[in-house]
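Trainee: Sequential numbering from 1 applies to the sequence shown in the UniProt record's numbering.
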Amino acid sequence: MRILLSGAAGFIGSHVAVELLNTGYEVVCVDNFSNSVQDADGNAVSLKRVSQIVGKEVPFVFADCCNEEQLEAVFKKFKLDGVVHLAGLKAVGESVEKPLEYYRNNLLASLVLLQLCRKYEVKNFVFSSSATVYGPPQHLPITEKDPVGCGITNPYGQTKYMIEQMLIDLSKAEKDWNIILLRYFNPVGAHPSGLIGEDPKGIPNNLMPFVSQVAIGRLPHLVVYGDKFPTPDGTGVRDYIHVVDLARGHVAAFDRIKKMGKLGCEVYNLGTGKGYSVFEMVHALEKASGRKVCSSEIL
Numbered sequence: 001m002r003i004l005l006s007g008a009a010g011f012i013g014s015h016v017a018v019e020l021l022n023t024g025y026e027v028v029c030v031d032n033f034s035n036s037v038q039d040a041d042g043n044a045v046s047l048k049r050v051s052q053i054v055g056k057e058v059p060f061v062f063a064d065c066c067n068e069e070q071l072e073a074v075f076k077k078f079k080l081d082g083v084v085h086l087a088g089l090k091a092v093g094e095s096v097e098k099p100l101e102y103y104r105n106n107l108l109a110s111l112v113l114l115q116l117c118r119k120y121e122v123k124n125f126v127f128s129s130s131a132t133v134y135g136p137p138q139h140l141p142i143t144e145k146d147p148v149g150c151g152i153t154n155p156y157g158q159t160k161y162m163i164e165q166m167l168i169d170l171s172k173a174e175k176d177w178n179i180i181l182l183r184y185f186n187p188v189g190a191h192p193s194g195l196i197g198e199d200p201k202g203i204p205n206n207l208m209p210f211v212s213q214v215a216i217g218r219l220p221h222l223v224v225y226g227d228k229f230p231t232p233d234g235t236g237v238r239d240y241i242h243v244v245d246l247a248r249g250h251v252a253a254f255d256r257i258k259k260m261g262k263l264g265c266e267v268y269n270l271g272t273g274k275g276y277s278v279f280e281m282v283h284a285l286e287k288a289s290g291r292k293v294c295s296s297e298i299l
């Protein structure tokens, strides 16, 4: 199968590309580099390193998924069998500050991509969703049968929920679609080669790249948002999953599509089922790296 991978140059996208390629899938990488480090020639560093890891050149097309003309050129050039849709803005805090950007980018990109999938008969679709669609958990662990769309606290989560509803409605109206929604918890870590990992532009929005940059002196100190939560050390607890395990979830999704043939729309959580606090994660990084993380600022 040849799979279009949108958002391929990102943290998750680059790892998904490696896992798909290493298990025999063909991948066409698409990205607009909005959150990717580029080299002096304007190429995404992560995708060059993906090629190093898998030992071959990987097809890449620069395209913005909101731009129908750019994206359709990919469908015209390659005979595609499926899509993994990762492209989108993804910072929870930023989405609160810039809600219109998130609604425009995430919803429009998904709509344009789905319309082209229908036009070119590419009906196997794996969507990068988020556990934010569950809102504040009423109990733990969260399962796929728990309600979604209630109490979502940020525009990022709302866009994921809306896109899920779009895909669910599509699968009901058009029975020839195979759609899998993957609800991510909190991906962390890096490929064992050390060649790819989370290296965002600007100040990181996620915990572990922020902690890593403090550890190497790129940032002055760690900022912790709250230390009065009802947790063992007072800091927020999250379910963290290694990014390679998360990436393999996408391979499993396409393996299932190939095996079953007709799915409609299925949903899977990608997490570990166990939570870790901010300080537990910081101490784990200190132990693994041998570097001390400067004292925290509590907000």
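All residues carry an ideal CB built from backbone N, CA and C; glycine is no exception.
Give the range of the beta strand (DSSP E) segment to which serine 289 is assigned.
Mentor: No beta strand (DSSP E) holds serine 289; the alpha helix (DSSP H) holding it covers 278-289.
Trainee: For asparagine 124 and glutamate 174, I'd like the C-alpha separation in whole angstroms.
Mentor: 12 Å
Trainee: Can you tell which of Lys259, Gly261 and Val224 has the C-alpha that lies nearest to the C-alpha of glutamate 280?
Mentor: Val224
Trainee: Enumerate in chain order the residues of its own chain whose CB-to-CB distance from alanine 17 is below 7 Å, with the five nearest sequence positions on each side excluded.
Mentor: Leu5, Ala8, Val27, Cys29, Val50 and Val58
Trainee: Looking at the structure shown, is serine 129 part of a helix, part of a strand, or coil, going by DSSP?
Mentor: Serine 129 falls in the strand class under three-state DSSP.
Trainee: Please confirm if the region 208-223 is in contact with the region 274-292, defined as three or more CB-CB distances below 8 Å between the two stretches.
Mentor: Three or more pairs of CB atoms, one per stretch, sit closer than 8 Å, so the region 208-223 contacts the region 274-292.
Trainee: Is the beta carbon of asparagine 154 less than 7 Å from the beta carbon of leucine 263?
Mentor: no
Trainee: Helix, strand or coil: how does DSSP classify asparagine 178 here?
Mentor: strand
Trainee: For asparagine 269, which option in Asp31, Phe127 and Asp227 has the closest C-alpha, if you only look at C-alpha atoms?
Mentor: Phe127
Trainee: Serine 6 bridges to which residues according to DSSP?
Mentor: Val30 and His85
Trainee: Check the DSSP bridge columns for proline 38 and list the partner residues they point to.
Mentor: Here residue 38 is glutamine; the residue named in the question, proline, does not match the sequence. Beta-bridge pairing by DSSP links glutamine 38 to Ala44.
Trainee: Apart from the five residues just before and just after leucine 246, which ones in its own chain have a Cβ nearer than 6 Å to its Cβ?
Mentor: Pro187 and Leu270
Trainee: Given that a residue counts as buried once 16 or more other Cβ atoms are within 10 Å of its Cβ, and exposed if not, what is cysteine 294?
Mentor: exposed
Trainee: So who's on the other strand from histidine 242, going by DSSP bridges?
Mentor: According to DSSP, which records beta bridges pairwise, histidine 242 is partnered with Val188.
Trainee: When DSSP labels each residue in this structure, what does valine 61 get in the three-state scheme?
Mentor: strand
Trainee: If you draw a straight line from the C-alpha of asparagine 113 to the C-alpha of lysine 79, how long is it?
Mentor: Here the sequence assigns leucine to residue 113, which means asparagine is not the residue at that position. Straight-line spacing of the CA atoms in leucine 113 and lysine 79 works out to 15 Å.
Trainee: Going by DSSP, which residues form a beta bridge with cysteine 265?
Mentor: Ile179
Trainee: Please classify glycine 13: does DSSP put it in a helix, a strand, or coil?
Mentor: Residue state for glycine 13 is assigned as helix, using DSSP reduced to three classes.
Trainee: Assign glutamine 158 to buried or exposed, taking buried as 16 or more other Cβ atoms, counted over all protein chains shown, within 10 Å of its Cβ.
Mentor: Counting every other CB atom within 10 Å of its CB across the protein chains shown gives glutamine 158 a total of 16 or more, marking it as buried.
Trainee: Where does leucine 167 fall in DSSP's three states?
Mentor: helix
Trainee: Determine the closest residue to tyrosine 103 out of Lys145, Tyr161 and Glu69, with distance taken between C-alpha atoms.
Mentor: Tyr161
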